[in-house]
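First to last, the protein sequences are chains D and R. First residue of the first sequence: 1, per the UniProt record's numbering; consecutive thereafter. First residue of the second sequence: 1, per the UniProt record's numbering; consecutive thereafter. All C-beta atoms, glycine included, are put in the ideal place defined by N, C-alpha and C. All remarks here apply to the structure that follows.
Protein chains: 2
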Amino acid sequence: MSTDALIEQLLAAPPEVGRSVVEALHQLLDDSMLDADDDAPRSVAEAAALVGLTAHTLRYYEQQGLVRPARSPSGHRLYRAADLRRLVFLTRMRLSGMTMHDLTRYVRLVEQGEHTVDERRRIMLEQRERILRRMRELSLALEVTEYKIELYGGSSGA
Amino acid sequence: MSTDALIEQLLAAPPEVGRSVVEALHQLLDDSMLDADDDAPRSVAEAAALVGLTAHTLRYYEQQGLVRPARSPSGHRLYRAADLRRLVFLTRMRLSGMTMHDLTRYVRLVEQGEHTVDERRRIMLEQRERILRRMRELSLALEVTEYKIELYGGSSGA
DNA sequence: CTAGAAGTTCGAGCGCGCTCGAAGGCAAGC
DNA sequence: GCTTGCCTTCGAGCGCGCTCGAACTTCTAG
Numbered sequence: 001m002s003t004d005a006l007i008e009q010l011l012a013a014p015p016e017v018g019r020s021v022v023e024a025l026h027q028l029l030d031d032s033m034l035d036a037d038d039d040a041p042r043s044v045a046e047a048a049a050l051v052g053l054t055a056h057t058l059r060y061y062e063q064q065g066l067v068r069p070a071r072s073p074s075g076h077r078l079y080r081a082a083d084l085r086r087l088v089f090l091t092r093m094r095l096s097g098m099t100m101h102d103l104t105r106y107v108r109l110v111e112q113g114e115h116t117v118d119e120r121r122r123i124m125l126e127q128r129e130r131i132l133r134r135m136r137e138l139s140l141a142l143e144v145t146e147y148k149i150e151l152y153g154g155s156s157g158a
Numbered sequence: 001m002s003t004d005a006l007i008e009q010l011l012a013a014p015p016e017v018g019r020s021v022v023e024a025l026h027q028l029l030d031d032s033m034l035d036a037d038d039d040a041p042r043s044v045a046e047a048a049a050l051v052g053l054t055a056h057t058l059r060y061y062e063q064q065g066l067v068r069p070a071r072s073p074s075g076h077r078l079y080r081a082a083d084l085r086r087l088v089f090l091t092r093m094r095l096s097g098m099t100m101h102d103l104t105r106y107v108r109l110v111e112q113g114e115h116t117v118d119e120r121r122r123i124m125l126e127q128r129e130r131i132l133r134r135m136r137e138l139s140l141a142l143e144v145t146e147y148k149i150e151l152y153g154g155s156s157g158a
């Protein structure tokens, strides 16, 4: 995904939710930093901070086969730009509700090479359906929620 | 929420996702049936079928204080229209990511009467933020997903 | 050289929201 | 009246995705 697209996402965010603009900016920042390809490898804690996960979780993801950072001679993990980009991808997909199971399956396919693109596309098509479905569920709930808010005197606290 | 609003939701759903229109219609149907106020009380299994949960889950919700159906002389649960409407509300909010904890807190407030509307509004305002935030996360993931689909030859399977 | 921070592996534990099964009671059709 | 099936309560179990702690090693600042 391009940084431009991310910026558009940012701008598309409704203005009344100030707090999360900061957060979105943070995400944007992540991507920029990753794109900057300043190829000093990061430690597990640094990588975790950049993508907004814990070091524990990064090790867990590795154990699950989602990412495979290089190692220093002494065995410490070295996260490079490509690893960080993958982590951002993983985080986005996890946040959208893709299960660990599907994600590991997908990553395995990616690592098996080009002949797996058919199945990869199938996975992503299914994932798109799930996302759209979740969005419709959220719309429904948003409506209920706003109805209740109105009922209780509106956002203003009147 | 009005049935009209639900119909609008339905129509607003993108046309390419045929399968879930059926599902949305099902939800709509639920509401109509509940609104029909055909006041024959339903058994736990009937109620479960109507709202799309299991009988086990309905009993669990009751145990958590989310709903309190009347009982027959012999102790069987009797779900009336009002109970079913509450169940639909609960289901929507659960699907939108509201936790059991927040939902029980909210329901407790409702049952405590009018003097709790301030806190109820606060809960719903927070919930709205969470929903909007989730929607933005989903948009981000949707974009990644569609990018991958395009990369793999598009929806058509080309 | 040394203290302390941060890294490693491993396996156990946890919070959430159900989900299930056992043991027994009630209801409706034949 | 009996059979069949749904109802009741209760407590245990489960799947997911982390999350944590122990025990040990390595790096870094002073």
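- Report the three-state DSSP secondary structure of E23 of chain D (helix, strand or coil). Residue mapping note: residue 23 of chain D aligns to position 23 of the first sequence, counting from 1. Note that E23 of chain D scores a pLDDT of 45, beneath 50, so its modelled location is shaky; the value from the coordinates is reported in the next line. E23 of chain D: helix per DSSP, three-state reduction.
- Query: CB-CB under 8 Å to L103 of chain R, same chain, minus the five flanking residues each way: which ones, in chain order?
  - Reply: Here residue 103 of chain R is taken as the residue at index 103 of the second sequence, counted from 1. The answer, listed in chain order, is L66, L90, M93, R94.
- Alpha carbon to alpha carbon, what distance is there between V110 of chain D and Y79 of chain D? Walking along the first sequence from the start, residue 79 of chain D turns up at place 79. Walking along the first sequence from the start, residue 110 of chain D turns up at place 110. Cα-Cα distance, rounded: 19 Å.
- Task: Compute the minimum distance between the beta carbon of M124 of chain D and the heavy atoms of the ligand PLP, and state whether it is under 7 Å.
- Result: In the structure on display, the ligand PLP does not appear, and there are no ligands present to speak of.
- Query: In angstroms, rounded to a whole number, what distance separates the CA positions of A55 of chain D and M98 of chain R?
  - Reply: Walking along the first sequence from the start, residue 55 of chain D turns up at place 55. Walking along the second sequence from the start, residue 98 of chain R turns up at place 98. Their Cα atoms are separated by approximately 28 Å.
- Message: Any beta carbon of chain R sitting closer than 8 Å to that of Y61 of chain D?
- Response: Within the first sequence, numbered from 1, the residue matching residue 61 of chain D stands at position 61. Chain R contact via Cβ: absent.
- Message: Let me check one thing: in DSSP terms, what residues is L78 of chain D bridge-paired to?
- Response: If you number the first sequence from 1, residue 78 of chain D lands on position 78. Note: L78 of chain D sits in a beta bridge opposite D:A70.
- Query: Going along chain R in order, which residues have a C-beta closer than 7 Å to the C-beta of E137 of chain D?
  - Reply: Along the first sequence, read from residue 1 onward, the residue named residue 137 of chain D stands at position 137. Within 7 Å Cβ-Cβ: L95, S96.
- Message: Give me the DSSP bridge partner(s) of R59 of chain D.
- Response: Numbered from its first residue, the first sequence carries residue 59 of chain D at position 59. In DSSP, R59 of chain D forms no bridge with anything.
- Message: If you measure between the beta carbons of L50 of chain D and R42 of chain D, is that distance less than 8 Å?
- Response: Walking along the first sequence from the start, residue 50 of chain D turns up at place 50. Walking along the first sequence from the start, residue 42 of chain D turns up at place 42. The answer is yes: Cβ separation under 8 Å.
- Message: So, for I149 of chain R: in the same chain, excluding its five sequence neighbours on each side, which residues have a beta-carbon less than 7 Å away from its beta-carbon?
- Response: Here the question's residue 149 of chain R lines up with position 149 in the second sequence. S155, listed in sequence order.
- Rounded C-beta distance between Y106 of chain D and I131 of chain D? I'm assuming under 8 Å. Translated into positions along the first sequence, residue 106 of chain D becomes position 106. Translated into positions along the first sequence, residue 131 of chain D becomes position 131. In fact, because the Cβ distance is near 14 Å, the residues do not count as touching under 8 Å.
- Query: What does R42 of chain D pair with, by DSSP beta-bridge criteria?
  - Reply: By 1-based counting over the first sequence, the position of residue 42 of chain D is 42. R42 of chain D is bridged by DSSP to D:Y79.
- Item | Selection of the segment 139-153 of chain D by Cβ proximity to chain R, strictly under 7 Å | Residues passing the 7 Å Cβ filter: S139, L140, A141, L142, E143, V144, T145, E146, Y147, K148, I149, Y152, G153.
- Message: Against chain D, with Cβ distances strictly below 8 Å, would L84 of chain R count as a contact?
- Response: One-based indexing of the second sequence puts residue 84 of chain R at position 84. No - not a single Cβ of chain D is within 8 Å of the one on L84 of chain R.
- 8 Å Cβ cutoff, V117 of chain R in contact with chain D: Taking the second sequence and counting its residues from 1, one reaches residue 117 of chain R at position 117. It does; some Cβ of chain D falls within 8 Å.
- Under a CB-based cut-off of 8 Å, is R134 of chain D close to chain R? Taking the first residue of the first sequence as 1, we reach residue 134 of chain D at position 134. For R134 of chain D, the answer is yes, since a Cβ of chain R falls inside 8 Å of its Cβ.
- Message: Below 8 Å on the Cβ atoms is my contact criterion, and I expect M135 of chain D with M135 of chain R to pass it. Report the Cβ-Cβ distance as a whole number of Å.
- Response: As a position in the first sequence, residue 135 of chain D is number 135, starting the count at 1. As a position in the second sequence, residue 135 of chain R is number 135, starting the count at 1. 6 Å between Cβ atoms; contact.
- Item | Assigned exposure category for D83 of chain D - 16 Cβ within 10 Å defines buried | Position 83 of the first sequence holds residue 83 of chain D. Buried: at least 16 other Cβ atoms inside 10 Å.
- From which residue to which residue does the alpha helix (DSSP H) around L125 of chain D run? One-based indexing of the first sequence puts residue 125 of chain D at position 125. Per DSSP, L125 of chain D belongs to the alpha helix (DSSP H) from 117-151.
- Message: Any beta carbon of chain R sitting closer than 8 Å to that of M100 of chain D?
- Response: Within the first sequence, the letter at position 100 stands for residue 100 of chain D. Judged by the 8 Å Cβ criterion, M100 of chain D is not in contact with chain R.
- With T111 of chain D as the anchor, note down where its alpha helix (DSSP H) starts and where it stops. Translated into the one-based positions of the first sequence, residue 111 of chain D becomes position 111. Per the sequence shown, residue 111 of chain D should be read as Glu rather than Thr. Segment 100-112, the alpha helix (DSSP H) holding E111 of chain D.
- Message: Report the CB separation of R128 of chain D from L142 of chain R in whole angstroms; it is logged as a contact under 8 Å.
- Response: By one-based count along the first sequence, residue 128 of chain D stands at place 128. By one-based count along the second sequence, residue 142 of chain R stands at place 142. At roughly 7 Å, the Cβ-Cβ gap stays under 8 Å, so R128 of chain D and L142 of chain R are in contact.
- Tell me whether T91 of chain R sits in a helix, a strand or coil according to DSSP, three-state version. The residue you call residue 91 of chain R lines up with position 91 of the second sequence. Three-state result, T91 of chain R: helix.
- Task: Give me the Cβ distance between G153 of chain R and R121 of chain D, rounded to the nearest whole Å; I'm assuming they're in contact under 8 Å.
- Result: On the second sequence, residue 153 of chain R is found 153 positions in, with the first residue counted as 1. On the first sequence, residue 121 of chain D is found 121 positions in, with the first residue counted as 1. That pair is a contact at about 6 Å.
- Message: Would S96 of chain D and L138 of chain R qualify as a contact pair, given that the criterion is a beta-carbon distance under 8 Å?
- Response: Sequence index remark: in the first sequence, residue 96 of chain D carries index 96 (1-based). Sequence index remark: in the second sequence, residue 138 of chain R carries index 138 (1-based). Contact flag set, yes.
- Under a Cβ-count criterion, where at least 16 other Cβ atoms within 10 Å of its own Cβ denotes burial, should Y61 of chain D be classed as buried or exposed? Counted from its first residue, the first sequence places residue 61 of chain D at position 61. So Y61 of chain D counts as buried.
- Message: Please state the DSSP three-state secondary structure of L53 of chain R.
- Response: The residue you call residue 53 of chain R lines up with position 53 of the second sequence. Three-state result, L53 of chain R: coil.
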